[in-house]
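Visitor: Residue 22 is where the sequence shown starts when you use the numbering used here, and the numbers rise one by one after that.
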Amino acid sequence: MNANASATAPEPAAAMRPLIEQTEAIASLFKAMGHDGRLTILCHLRSGEKNVSELEALLSSRQAIVSQQLARLRMEGLVVARREGQTIHYRLADARVAAILDLLARHARVGMLDALDAKESRG
C-alpha cells in the first residue's frame, strides 16, 4: 500500500462535514429516537403539547414507563417540559425535531408504497 494513499484520499463533500464532525451527538440523538416507545411519544407530541396522563392513555402504558422515556427525551434535548400546578406538559423542543419526524413519516410512507408496488408486481 502506498504511504501517500491517505494523503490523497478524497475529502468528504462539504455538505457532509458538519455531520462527520458531530457523529457522536447525532448517533446519540438517533439512539434516543430509536426506541419505539420514545419515537411514539415524539409522534404524539408532533400534534401538540401533552401531559403525562394523556401520553399514558395514548401509549396504553404506565406512568413510570412514560416518565422514564420522557426523561431520556429531555436529556437529549428532544422535548421540553412546562409545569402548570401539579401537571407537567411536554412538547417538542423545536422545529428541527418536528422536521426530523416529518422526514421519517415521509420515508415510512414511501417505504410502504414501495412494498405495495413490489407485492402487486409479484401478484
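Ideal placement from N, C-alpha and C gives every residue a C-beta, glycine not left out.
#1: Which class does R127 belong to by DSSP, given the choice of helix, strand or coil?
#2: Could you name each continuous alpha helix (DSSP H) segment of 4 residues or more that falls completely within the stretch 39-100, going from the start of the chain to the end?
#3: Tell me A102's beta-bridge partners as DSSP assigns them.
#4: Using the Cβ count rule (16 or more neighbours within 10 Å means buried), how would you classify A53?
#5: Would you check if the stretch 109-119 and the stretch 65-75 touch, i.e. whether three or more CB-CB distances between them fall below 8 Å?
#6: Which same chain residues end up closer than 8 Å to A48 when comparing Cβ atoms and leaving out the 5 residues on each side of it in sequence?
#7: What do you get for V118, buried or exposed, if any count of 16 or more other CB atoms within 10 angstroms of its CB means buried?
#8: So what's A34 in DSSP terms, helix, strand or just coil?
#9: Report the option in R103, A129, E97, T61 whose CA atom is closest to the CA atom of V87.
Guide: Per the coordinate set shown:
#1: Locating residue 127 in the sequence shown gives position 106, where the first residue counts as 1. For R127, the three-state secondary structure derived from DSSP is helix.
#2: Listed in chain order, the complete alpha helix (DSSP H) runs (minimum 4 residues) inside the stretch 39-100 are 44-54, 57-66, 73-80, 84-96.
#3: In the sequence shown, counting from the first residue as 1, residue 102 sits at position 81. For A102, which the question treats as bridged, DSSP gives the partners Y111.
#4: Numbered from its first residue, the sequence shown carries residue 53 at position 32. The residue is buried, with at least 16 neighbouring Cβ atoms inside 10 Å.
#5: Proximity of the stretch 65-75 to the stretch 109-119 meets the contact definition, three or more beta-carbon pairs being nearer than 8 Å.
#6: In the sequence shown, the residue the question calls residue 48 occupies position 27. For A48, where only same-chain residues beyond five positions count, there are no Cβ hits under 8 Å.
#7: Locating residue 118 in the sequence shown gives position 97, counting from the first residue. Buried: at least 16 other Cβ atoms inside 10 Å.
#8: Counting from 1 along the sequence shown, the entry for residue 34 is found at position 13. Looking at A34 - three-state DSSP - the assignment turns out to be coil, as it is neither helix nor strand.
#9: Your numbering for residue 87 matches position 66 in the sequence shown. Across the set R103, A129, E97, T61, the C-alpha of T61 shows the shortest separation from the C-alpha of V87.
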